[in-house]
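First up is the structure itself, then whatever we jot down about it.
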C-alpha cells in the first residue's frame, strides 16, 4: 500500500555547500540519500514530495559538518500480508518463481502455484498448464496475493501465492 | 412475502454464532449470576417477532436494562444484523411511532399513551435487516469454510525447506538468499547442499519424524473440524438455500415504515379485526405489522423439530449442543447426552421461551394473569379455611352427639360419626384438589399465550427465571 507521510531526518552537510544554494544542496542531498531506500517501519520511500521545514543547523565539533533536522513529506510503499499486487516475473526455477512489484521482491513457491501448472525446464524455464493456454515465464505479468512478509531493518521480502480466485497471469509477453 | 423462513434463519444463526456472546468485557470475572450468555439469542428472537421497535420498549418487554440491551444492539449493528435509527423526538414525534404501532395493532400499546409525554429525547429504534443478515450469514459460513480448507490444503502456509546434509531449516522468506544463478535449486548457506521442500516426506524423514506426525495429526484435526462444522451448520445451510429464492422482507427505513403503517391503518379502518395480530398470525400479506403474533414462535420451533426428525431419520446424528438447547423432544441418541443434562437444558429453554413470550405479551395481560392467579389462590385459601372450620364444627357436633349417644350406645350414631369423619377427610382432599386445580388452571391460561412451551414450566421456576433474566 502507498502512504503519503511526513518523515524527519538529520542531514549532515559539508561546509563547501554553504552559500546561497545551501537549501537546494540540502534538498538534493536528501533526495539522493532517501529515495529508493527501505525502512522496515515505513517501507520503501518512493519519492519526496516536499519539504515541510528545515530546522536550525548545528555545527559538529571537529569536522565542520552541519546537521540540519529536515522534515519532509514523501510517498512510501509498504507491502502487507494479504495484499494483492501485480508483479513482473524475474526468474523461474524448479522451486517456484521470483517476481518484482516495483522495489519489492516476491517469491512464489511451487506449491502455491495452481496444481495444474507444471514446471518446464529448458532454455526458458516456465510453468505451464497441461493444455498450454497459460504460461508463466520471465517477464510475464502476474497478479498475486502476499501471504507473508519478512521485514528487516533495511529490506522487505515477500512471499506470494497465485493459488486463489482471479490470481495468475494477467499479461503474457509472448502473446502481446 | 413471507417472514417465516427468514425468521427461522435468524434464529438458527443466533443459536449458531451468537449463543455465547456476552455483553460484558473480558476482564470482568464471569460469575454464575452475572453470566448473560444466550441473551443475544433472546434479543434476536424477540426481534424476529417485531419490525421497527423502540429500544426502550424492547428493553421493557424483555425485562432487560436499557443499557444492557443497547450494548447488545450495538454489537448486532456492528455485526450488520440490524439497522438502527436514532432521532430526537418530542412527545409528538414519539406519538407518531406509537400511533403507527397502535394503528396496526390495536390492543398492544394502548396503555402507553400516558408515557409518551416525554420531552425532547433521543429515541433509538432498531429492526432486523433481513437482506443483510442473509448475506452476513452466507459470508460467515464461506469464511469459515475457506479458512479451514486453506489450512487443510496448506494453501497459505509458508513453505519450509530443509537441508538434508545439516538439517538446517529455511522458510520461503529466506528464498532470495538461497537462490544461486547457476541452477534451479536452493542451496544451504552452511554446506551448499541442495535444499528440499519439507512436504517431500521421504527426504524430510531424517530431519524430523516427530514433526511429520504432528503435521498429520494437525491435518486430521482440521479435517474433522471441517466435517463437524458442515454437519452442525447443516440446518443453517439448508435454511440459506431455502431462503435463497424468496423475496427478502423489506421494511424500509423508520420513516417509510411509519408512513406505510399509517396508510395501512387509514385504509383498513373498516375492518379493524384484520389488524388484530392474533387473527392475522399467518398473513403477513404485504401489510406491515409491527407486532407479529406469538403464534409464530411455535411454528418455527415445530418446524425445526420436524427438520430434525427428517435429518435424524436419514441418519441418526448426534445433535450439536447448541441445537439441543432449544428444548426439543429428541431421542437420547440424538442428544448424545446424559438425561440429567437434558433436563437442565429443558428448563433453561423453557425459561428462554417463556421470557420471550412474556416480553411479547402486553404488560396489562400479564398483570391480569397474575391477578387471576392471586385471586384464585386466595379463593382457594378461603375455601380451605371455611371447610376446615366447617369440619371442626361438625367434629364438635359429632363429639356432642357422641357424648349424647354414649348413653344409648347405639351403633347408628357411631356410623354417623364414621361418616362424618370420612366426610372430613374428603373435605380436606377437596381442598387440596381445588388448589392443584387452581395452579393447573393458571398454567393453562399461561399456555394459551405460550403455545410454544413444550416442557411445562412450573410457576415457581418461572419466577426464579424471571429474576435471573432481570439481573442477568
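Chains as they are written, first to last, in UniProt numbering: chain A, 1 to 176; chain B, 1 to 472. Beta carbons: idealized from backbone N, C-alpha and C, even for Gly. The structure presented is a predicted model; accordingly, all values stated were derived computationally and were not measured.
By the neighbour-count definition (other C-beta atoms within 10 Å, threshold 16), residue 124 of chain A is an exposed residue. From the beta-carbon of residue 140 of chain A, no residue of chain B is found nearer than 9 Å; the closest lies around 17 Å away. Counting only residues of its own chain and dropping the five nearest sequence neighbours on each side, residue 116 of chain A has a CB closer than 8 Å to the CB of 129 and 130. Residue-level contact check: residue 135 of chain A does not touch chain B, since none of the beta carbons of chain B fall below 8 Å from its beta carbon. Among the residues of chain A, none has a CB under 9 Å from the CB of residue 238 of chain B; the nearest is roughly 26 Å distant. Rounded to the nearest whole angstrom, the CA to CA distance from residue 20 of chain A to residue 53 of chain A is 17 Å. Straight-line spacing of the CA atoms in residue 169 of chain B and residue 138 of chain B works out to 40 Å. Within its own chain, the residues whose Cβ lies closer than 7 Å to the Cβ of residue 72 of chain B, once the five positions on either side in sequence are excluded, are 23, 39, 40 and 43, listed in chain order.
One finds nothing in chain A with a Cβ atom closer than 7 Å to the Cβ of residue 261 of chain B; even the nearest lies about 44 Å away. Residue 67 of chain A is positioned such that its CB atom lies closer than 8 Å to that of residue 11 of chain A. Taking 8 Å as the threshold, the shortest C-beta distance from residue 150 of chain A to chain B falls below it. DSSP lists A:89 and A:106 as the bridge partner or partners of residue 99 of chain A. Secondary structure note for residue 88 of chain B: it is in no alpha helix (DSSP H), and the uninterrupted beta strand (DSSP E) holding it is 82 to 89.
Residue environment analysis places residue 378 of chain B among the exposed positions, since fewer than 16 neighbouring C-beta atoms fall within 10 angstroms of its C-beta.
One finds nothing in chain B with a Cβ atom closer than 8 Å to the Cβ of residue 80 of chain A; even the nearest lies about 14 Å away. In this structure residue 51 of chain B is buried. Its beta-carbon is surrounded by 16 or more other beta-carbon atoms within 10 angstroms. In this structure, residue 38 of chain A and residue 79 of chain A do not form a Cβ contact; the two beta carbons are roughly 11 Å apart against a cut-off of 8 Å. With contact defined as three or more Cβ pairs closer than 8 Å, the stretch 69 to 77 of chain A and the stretch 43 to 50 of chain A are in contact.
Per DSSP, the beta bridge partners of residue 9 of chain A are A:70. Note on residue 95 of chain A: 16 or more other CB atoms within 10 angstroms of its CB, so buried under the neighbour-count rule. Judged by DSSP secondary structure, residue 185 of chain B falls outside any alpha helix (DSSP H); it is assigned neither H nor E. Taking a C-beta distance under 8 Å as the contact criterion, residue 54 of chain B and residue 123 of chain B qualify as a contact pair. Listed along chain B is no residue with a C-beta nearer than 9 Å to that of residue 126 of chain A; the closest approach is about 12 Å.
Scanning chain A for C-beta atoms nearer than 7 Å to the C-beta of residue 173 of chain B yields 148, 150, 157 and 159, reported in chain order. A Cβ of chain A is located within less than 8 Å of the beta carbon of residue 185 of chain B. Secondary structure note for residue 120 of chain A: its beta strand (DSSP E) is the uninterrupted segment 117 to 120. DSSP places residue 44 of chain A inside the beta strand (DSSP E), whose first and last residues are 43 to 54. When Cβ-Cβ separations below 8 Å define contact, residue 176 of chain B makes contact with chain A. Burial check for residue 247 of chain B: the Cβ neighbour count within 10 Å stays below 16, so the residue is exposed.
The beta carbon of residue 37 of chain B sits closer than 8 Å to the beta carbons of 19, 20, 21 and 22 from its chain, once the five residues preceding and following it are set aside; these are given in chain order. Across the structure, residue 17 of chain A and residue 144 of chain A are spaced so that their CA atoms are roughly 46 Å apart. Residue B:134 holds the alpha-carbon nearest to the alpha-carbon of residue 80 of chain B among B:159, B:11 and B:134.
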